[in-house]
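Student: For the protein sequence lines, the chains are A and B, in the order given. Under my numbering, the first residue of the first sequence is numbered 943, with each subsequent residue one higher. Under my numbering, the first residue of the second sequence is numbered 45, with each subsequent residue one higher. Beta carbons: idealized from backbone N, C-alpha and C, even for Gly. There's a structure below that I have some questions on.
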Amino acid sequence: MPQQQQRSASQNSQHSSSSSDSSSTGSNSDAMAQLQGQGPELPEQNLGSVDSGASFANMAGSVLDAVAPGEGSALRFKLTGSIPLYKTPGVTVSFKPSLDMGVARKKGKMEASMKLAAAVEVSAEVDAWLIDLQASLSASFSGTLKIVGDDGAEIFDEFLLSLRYIIEGACDTVSMPDSIKESIVSGIMSDEAMQETIEGMDGNDKVQLDLDAGLSGSASAGIVGASASASVKHSMTLQNDGNDQLSAGSATSTTVAGSVKVGPFNAERKIKDGVKIDTLSASHTIPILGQNVSASLKMQFKNEQLDKVQLIGSASKELSWDDLVDMMTTENSWLNTLKNGLVNGISQLNQQIDNPVLNNLAGRVGSSPTDISDATISPLGEEVTNSTADFDAQAQIKATADMSWQRGKGFSFKVTIATNNTTSIGYGGNKLEITQNDRLLYLTVGNDGLQMDFS
Amino acid sequence: MSISTHIIPKAQFVFTDIEGLHWTEQRITLTTSDLGLSRVSIELTTDAYGWVTLKELGLFEYTPEICGPILGGGFNPAKPYYITIDLHSNHLTLLGILYDNEDVEPWFVSDAVQSVITDCRNFVLISTMQPITSKTQWGMTTTYSTSHHN
């Protein structure tokens, strides 16, 4: 998208030099100036607890229109409120925005700079995913917005649109039923209101959604055709396509494929049935069973929207059966080391792509219970741990760690120890027959068995 | 209050001699009150490389500690970065005397102004924003956005 189209109409309409009372710049400079003390400061406006995001926007828009400065003037005020995102008996999720606003009216347009500090409150004793959602939202709902509009209503329609993008992204990073996601997302802005906002867009209006997978580096190219020093961009241009539907402006019906290496990532693009599928893969060293092994990270995007993430690493080791029994029953350190290694691996790879989903996944892995007592020992594992056979013999085992997330299916973290050779241990009645790849122990967190086909 | 903005021609871009920094657009905004020139701001448009360079070199008194949270959780390196900087207030008196409250361009190119305005040590970072829609930008403001000039 041409850069100019992303600037506000008031910015685009400027000539090379302008001078006027209170001007029409529309730039950050003067918008920020409003936050820095230009114009009077009004008392804080507390909207209290409202029914929905729409109610908040209506009330906030009315307040804004009521106090709006005249042409060429500016003012500051603080706006607070509470919006219920989800409410069932025993469970409530509330969004409490606090907006430090600087507002100016210039050439008929209202410019608002908002410092948003938002709290997300979740009632006690709720499901883990709600806590994850709270953490994700809390990280995303703070910062600064600048919005240009005709009036207070338009300003806050755009505000809700921004919040809806953020909250949809946060919902996608946690495992929650679609019905709950729909309730939470529409609690901020309903599909209908979103539609109306889009219908109200001017012809040049476009919605540039962050889909949060840009590889650091160049700011220009898509995956295919990007140079080695360039970055991978994952953003989707959505626009009013004339039918008042958001359409993917970058979609293409051409079936092409390409690949490029960017930093630690190999990126491959395929077009299947008109759907653009990008797969990014990278490897990272993590410690498993005292060995540094190369783990594989794969991420798949569909039409530039992150759809799947998988990180797998495995290591084989020979150790005494006695030591193996200790690992399976009392020795915790190997599991914690593995978990910390995974978290570090995800975090380090994410330094390249700065993806909130990966940040969230690293947090999920890091907070997963990994006490050995949480693991499940298989029937064979039980036989091994309960056997009275001579366990001085060496065992060959393989440990595998598998972290995966899939849009709409959720999160899964699995650690497995299995035999890595076919043998027998003990004698007579204590003899155990071991077959390669027999599972001895497994620890699963989240949804088990996510189908992760990256082909 | 009066605000005047001047889009700086490419040939007159400031801060061009810093390796790793590439600007695609620059605009300077002068704010005057009854007491004279009260603020000089420059909005600089750059890319992810420029933003990284700015941070690495600590330009415009950047330190991680001055930065507020980024709405949405982070910047998208694929988008333009709108960086707003403010001139230190101790330069405003001199530059205010030189400003006739009418035309920014001759003021901007004068030697006395250029000697101040081209030195990045004379500015503080106010905000870094990115476009989301044509009407909305997301980003972060620094502690200077509220403390500077107060």
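1. Identify the continuous beta strand (DSSP E) that holds T73/B and give its terminal residues.
2. Quick one: list the residues of chain B neighbouring V1045/A, beta-carbon separation under 9 Å, in chain order.
3. Which residues, in chain order, does the stretch 1018-1029 of chain A contribute to contact with chain B at a C-beta distance below 7 Å?
4. Out of L1041/A, S997/A, I1025/A, G1003/A, point me to the one whose CA is closest to R1018/A's CA.
5. Starting from A156/B, trace the alpha helix (DSSP H) both ways and give me its first and last residue.
6. Which whole runs of the beta strand (DSSP E) in the stretch 79-108 of chain B are 3 residues long or more, in chain order?
7. Tell me which same chain residues have a C-beta within less than 6 Å of the C-beta of K1356/A, skipping the five on either side of it?
8. For P1298/A, return the contacting residues in chain B, with the cut-off set at a CB-CB distance below 7 Å.
9. Under the assumption that S1084/A contacts A1059/A (Cβ atoms under 8 Å), give the Cβ distance between them as a whole number of angstroms.
10. Select from the stretch 1076-1101 of chain A all residues with a C-beta closer than 9 Å to any C-beta belonging to chain B, and list them in chain order.
11. Skipping 5 residues on each side, what residues in its chain have a beta carbon closer than 8 Å to that of C1113/A?
12. When you compare only the Cα positions, how much space is there between P1026/A and L1105/A?
13. In chain B, which residues lie less than 7 Å from K1057/A when you measure between Cβ atoms?
14. Please report the straight-line C-alpha distance between D144/B and S48/B, rounded to a whole angstrom.
15. Mind listing the chain B neighbours of I1108/A? Cutoff is C-beta to C-beta under 7 Å, in chain order.
16. What is the C-beta distance between F998/A and G1023/A, in whole angstroms, given that I count them as a contact (C-beta under 8 Å)?
17. Looking at A1317/A and the ligand SAM, is the gap between the Cβ and the nearest heavy atom below 6 Å?
18. Would you report the Cα separation of L138/B and Q158/B, rounded to the nearest angstrom?
19. Determine, using beta carbons only, whether W182/B comes closer than 7 Å to chain A.
20. Buried or exposed for R41/B, please, with buried defined as at least 16 other CB atoms from any protein chain shown within 10 angstroms of its CB.
21. Identify the continuous alpha helix (DSSP H) that holds Y1384/A and give its terminal residues.
22. Kindly indicate which residue of Q1242/A, D1093/A, G1129/A, G1350/A has the alpha-carbon position closest to the one of P926/A.
23. On the DSSP bridge assignment, give the partners of H1226/A in chain order.
24. Leaving aside the five residues before and after N1278/A along the sequence, list all residues of the same chain whose C-beta is less than 8 Å from its C-beta, in chain order.
25. Below 7 Å between beta carbons: does that hold for M1394/A and K1250/A?
26. Might you give, ordered along the chain, the residues of its own chain that have their beta carbon closer than 8 Å to the beta carbon of H66/B, omitting 5 neighbours on each side?
27. Would you give the residue range spanned by the beta strand (DSSP E) that K1048/A belongs to?
28. Considering only residues of the same chain and omitting the five flanking positions on each side of R83/B, which have a CB-CB separation below 6 Å?
29. So, does the CB of K54/B fall closer than 7 Å to a CB anywhere in chain A?
30. Measure from the C-beta of P113/B to each C-beta in chain A and report whether the shortest distance is under 7 Å.
31. Near V160/B, what residues of its chain come up, given a Cβ to Cβ distance below 7 Å and the 5 sequence neighbours on each side ignored?
32. When the cut-off is 7 Å and only beta carbons count, does G1184/A lie next to chain B?
33. Please report the straight-line C-alpha distance between L1322/A and S1121/A, rounded to a whole angstrom.
34. Would DSSP call I125/B helix, strand or coil?
35. List the whole-angstrom C-beta distance separating T1086/A from M173/B, where the pair is believed to meet the contact cut-off of C-beta under 8 Å.
36. Kindly say whether K179/B, judged by its beta-carbon, lies nearer than 7 Å to any beta-carbon of chain A.
Tutor: Put simply:
1. 69-77
2. Under the 9 Å cutoff, chain B gives no residues; its nearest Cβ is about 14 Å from V1045/A.
3. none
4. L1041/A
5. 155-161
6. 80-90
7. D1344, T1386
8. G117, G118
9. 5 Å
10. S1078, A1081, S1082, F1083, S1084, G1085, T1086, L1087, K1088, I1089, V1090, G1091, E1096, I1097, E1100, F1101
11. L1075, K1123, I1126, V1127
12. 14 Å
13. T185
14. 11 Å
15. G116
16. 5 Å
17. Ligands in the displayed structure: none, and consequently the ligand SAM is not present.
18. 12 Å
19. yes
20. This structure leaves residue 41/B out entirely; chain B is present only between 45 and 194.
21. Premise fails: Y1384/A lies in the beta strand (DSSP E), 1381-1388, not in any alpha helix (DSSP H).
22. For residue 926/A there is no data in the structure shown, the boundaries of chain A being 943 and 1397.
23. A1237/A
24. T1312
25. yes
26. T90, D91, Y93, G94
27. 1033-1048
28. T75
29. no
30. yes
31. H135, L139, N166
32. The predicted position of G1184/A is uncertain, since its pLDDT is 36 and thus under 50; no value can be drawn from it.
33. 40 Å
34. For the sequence presented, residue 125/B should be read as Tyr rather than Ile. Note: Y125/B maps to strand in three-state DSSP.
35. 7 Å
36. yes
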